[in-house]
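Enquirer: Here you go, one structure.
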């Protein structure tokens, strides 16, 4: 098989690039953020592989796929096999998608429990049993020999109804007697029961003395009883109330409880056969929060004390509440705090008795008893309506909170499914175990099984263990099967898909991965690299877009893109082995060889009395830890993956600050107390999500600088003379934009059975605006010319307009001078998107008391980009602000003033505070997973500093 060769790639900023990638190798694409790595890997190689695959379909089939894909701008790609892309962006947001369902491990467990599980009665705790007709016959002859018995077939079990039709049917079948609620009654014409009471009804099929000589009659009656009772029958000794149950299905012989025949769908929380009836398989329910409904008890109901109802008005709800108050001799004008607690309970939860309105309210309903279900029921009914608008749903959400389902206790399944056991655990308990603990539990499982169970389970367990081992190999042992996919980071979801791909055992495939080491501790990096090498050794080619030093050194081949970013990048500055790269003079090579490094600060910022003290944080896996965050410093939160870093900062601290400063609705995870909030007056969270999902979004619109530019154009004499307003210079609204392409700059031409073609608009030639708008010029440039400028060019162009210059300079300072002002957000890399967000926050006025929270800001950043980023963050801290960073990157950790380490492991074995102090102090800690790696990094930095002197 020939190697992969690319000739003349010109996608985005690529400059007619030629690349050679050896087959069956682990190749790393590296380079500055925006240098063209993703353009070559994903937008050229992967896009062409996908296009060729779709071209193999018939033209009829391609029509259903939207006509195929556009060919990337490349002269030739040879040696290209089937391509699979494993990106970070495709996390499933469906709450029903879990780690278990994505990896298919849960599907194997469903099969295992359906075929080899032991059913236990949830009423008595006895094992469920099932009998054949012959076994039932033998048991009857053994237990009741010589005794007179009644054979009963249950037809109604604990249900309301009059059952008039049922009795008539039984009468027509010539049955004479039924047992109703434990009492024998003769079936009479027109017989019926009280329809509002719960009943159990059994039909008597025979009355006989059990003996061997009655064998044939007994067998015939037995078959008839099982037929009428749908596989279930009861035996009652004559003259007593003692009853025994027998069944062809799974049944509890003591209580008569029977289970359905177990099948894999009975253990699925996405199927009505297996899901918990209360929470519909989600594991949590929304309940009314009374403190949100009545936030201020000093107000009266009349003055709007019940928030969802608002102030008093003439309506049936208020009339019913007035009648309830009258019953308790109270008034709706009395402050809620002074109303009787029983009255308040009835107002919120409803009244058991019907209510009659007061004399002067709603004359047409006078004297009519009306049922009142309560405010809670009213809100929940609206919340559960399918056609509720998003705004109404958001409004109602403020009055509810999520709680673990009281019926399944978070297990997602119904009672029946949760009472099948293998090795003393039900499937819900197995799904909630961390994968490392699950692997340990599976080790000795065969010894706990019966010979029959062992025979059934052998092959299924083999499949489960194989898939589980791949997940452990990529460092995901701290996850559990019931962890929702929506809660996974980009790196975690990518590594899950990587583990799934290794499990498929495919060969001759080209895999392309986008920074799989994101969110992974250095300790687990070795296992990830080993997994990628295993994928290569199966007979595949693996391309990894990566900045990790260890990954580069372990690669077979490296392609370094550069020399700079954006327009100044798009070239291959090095291609070869890691050994050859160490001798190359590229920017990446200088950092890898240790010639260049990010310097350690000469001294750490001193700690002051300005501190946030959070005590008793116990959300998720946190073990009630107490954390001190010194304000006015750069703080890093470190620890292995899944140790509890995000739980502490994003799920506990951030919601506390947001509630305090902005009355946010998001509830923090449990904690005891927080002190020092008076030292904070603003909180800013910068996460990893893209800045926009449509091509219309761009850096100029996101940072707000485009509004200032439009206002500048509106203020020009030409605009004033024509009466133009800011909307005239917007490409999102009609008026100034080109109407032919609706401000897109291009037209999509559908070719039916050929790929769609994107052609520049013939009216505006890709400039987005109509001729009249483009006639307004500032310093000889139209609004379209400004959008086509790079940020570096725009800084010079707007040098004398402070309001615009300030925002542009921040974008330049974060290393984004090479991107265009109007560049579509969909073409920006993850690192670029995050820095644009950071720039938009930096452009705003900070207070000196602002807390900035960043979650792995080094995502997609090269060593040089990280150096620039640290410079910006230090500027913020120097102005008195606080920067809290969740990070694994050693260059960031060694630059921090204060490090908090959570650990020692992920999941249940984590959540402890291991260390809090300076990087130098952490490097000396013996039991820290981070310490040995940080100590080595500090040694290298010290050696280089000494050399530089």
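In the working numbering, the protein residues as written are 546 to 1494.
Note that beta-carbon positions come from the ideal geometry of N, C-alpha and C, so glycine has one too.
The structure presented is a predicted model; accordingly, all values stated were derived computationally and were not measured.
(1) Along the beta strand (DSSP E) that carries residue 574, what are the first and last residues, could you check?
(2) Grouping DSSP H, G and I as helix and E and B as strand, with all else coil, what is residue 1069?
(3) Do you know how far the Cα of residue 777 is from the Cα of residue 667?
(4) Please classify residue 728 as buried or exposed, where buried requires at least 16 other C-beta atoms within 10 Å of its C-beta.
(5) One question on the structure: do residue 983 and residue 1029 come within less than 9 Å of each other, judged by their Cβ atoms?
(6) Considering only the alpha carbon of each residue, which of 1396, 1389 and 1378 lies closest to residue 1403?
(7) Here's a check: name, in chain order, each residue in its chain whose Cβ is nearer than 8 Å to the Cβ of residue 1496, leaving out the five neighbours to either side.
(8) On the three-pair Cβ rule with 8 Å, is the segment 1335-1345 touching the segment 1359-1375?
(9) Roughly how many whole angstroms lie between the Cα atoms of residue 686 and residue 680?
(10) Roughly how many angstroms separate the alpha carbons of residue 802 and residue 702, rounded to a whole number?
(11) CA-CA distance, residue 996 and residue 969?
(12) Comparing C-alpha positions only, which one of 1400, 945 and 846 sits nearest to residue 881?
(13) Taking 9 Å as the cut-off, decide whether the C-beta atoms of residue 556 and residue 619 are in contact.
(14) Within 10 angstroms of the Cβ of residue 635, are there 16 or more other Cβ atoms? Answer buried if so, exposed if not.
(15) Round the Cβ separation of residue 967 and residue 553 to the nearest angstrom and send it over; I've been treating them as touching at under 8 Å.
(16) On the criterion of 16 or more Cβ atoms from any shown chain inside 10 Å, does residue 1298 qualify as buried, or is it exposed?
(17) Using the beta-carbon count (16 or more within 10 Å), is residue 1492 buried or exposed?
(18) Can you give me the C-alpha to C-alpha distance between residue 1137 and residue 1489, rounded to a whole angstrom?
(19) Any idea what DSSP makes of residue 1299, helix, strand or coil?
(20) Report the partner residues of residue 1102 according to the DSSP bridge assignment.
(21) Against chain B, with Cβ distances strictly below 9 Å, would residue 683 count as a contact?
(22) DSSP three-state label for residue 1161, please.
(23) What is the DSSP secondary structure of residue 830, reduced to helix, strand or coil?
(24) Closer than 8 Å is the cut-off here; do at least three beta carbon pairs connect the segment 855-874 with the segment 994-1013?
(25) Roughly how many whole angstroms lie between the Cα atoms of residue 1031 and residue 770?
(26) With a threshold of 7 Å on Cβ separation, who are the neighbours of residue 1478 within its own chain once the five nearest residues in sequence on each side are excluded?
(27) Run through the DSSP bridge pairs and tell me what residue 532 is partnered with.
(28) Using 8 Å as the threshold, is the segment 1048-1055 in touch with the segment 1083-1091, meaning 3 or more CB pairs across them?
(29) With which residues is residue 1126 paired in a DSSP beta bridge?
(30) Taking the CB atoms as reference points, tell me whether residue 833 and residue 892 lie closer together than 9 Å.
(31) Find the nearest neighbour of residue 737 within the set 756, 707 and 716, judged by alpha-carbon distance.
(32) Relative to the C-alpha of residue 1080, which candidate in 1018, 1134, 1351 and 1064 has its C-alpha closest?
(33) Scan the segment 1212-1294 and note each continuous alpha helix (DSSP H) run of 4 residues or more that stays entirely inside, going in chain order.
(34) What would DSSP say about residue 635, mapped onto helix, strand or coil?
(35) Could you tell me the distance, in whole angstroms, from the CA atom of residue 1288 to the CA atom of residue 1280?
(36) Locate the beta strand (DSSP E) running through residue 621, then write down its first and last residues.
Expert: So, from the data block:
(1) 571-576
(2) helix
(3) 18 Å
(4) exposed
(5) no
(6) 1378
(7) Lying outside 546 to 1494, the shown extent of the chain, residue 1496 is not represented and no answer is given.
(8) yes
(9) 10 Å
(10) 10 Å
(11) 17 Å
(12) 846
(13) yes
(14) Confidence is the limiting factor: at residue 635 the pLDDT is only 48, short of 50, which leaves the residue's position unreliable, though a coordinate-based value still follows. Exposed, by the Cβ-count rule.
(15) Not a contact, Cβ separation roughly 59 Å.
(16) The predicted position of residue 1298 is uncertain, since its pLDDT is 47 and thus under 50; no value can be drawn from it.
(17) exposed
(18) 13 Å
(19) Because residue 1299 carries a pLDDT of 46, less than 50, the predicted location of this residue cannot be relied on, and the following value inherits that uncertainty. Residue 1299 falls in the strand class under three-state DSSP.
(20) 572
(21) Considering every chain present, this structure includes no chain B. It has just one protein chain.
(22) strand
(23) strand
(24) no
(25) 51 Å
(26) 1067 and 1435
(27) Beyond the ends of the chain as shown, which are 546 and 1494, falls residue 532; an answer cannot be given.
(28) yes
(29) Residue 1126 pairs with nothing; no bridge assigned.
(30) no
(31) 707
(32) 1018
(33) 1244-1248, 1250-1259 and 1262-1267
(34) With a pLDDT of only 48 at residue 635, under the threshold of 50, the placement of this residue in the model should not be trusted; the figure read from the coordinates follows. It is coil, neither helix nor strand.
(35) 10 Å
(36) 619-623
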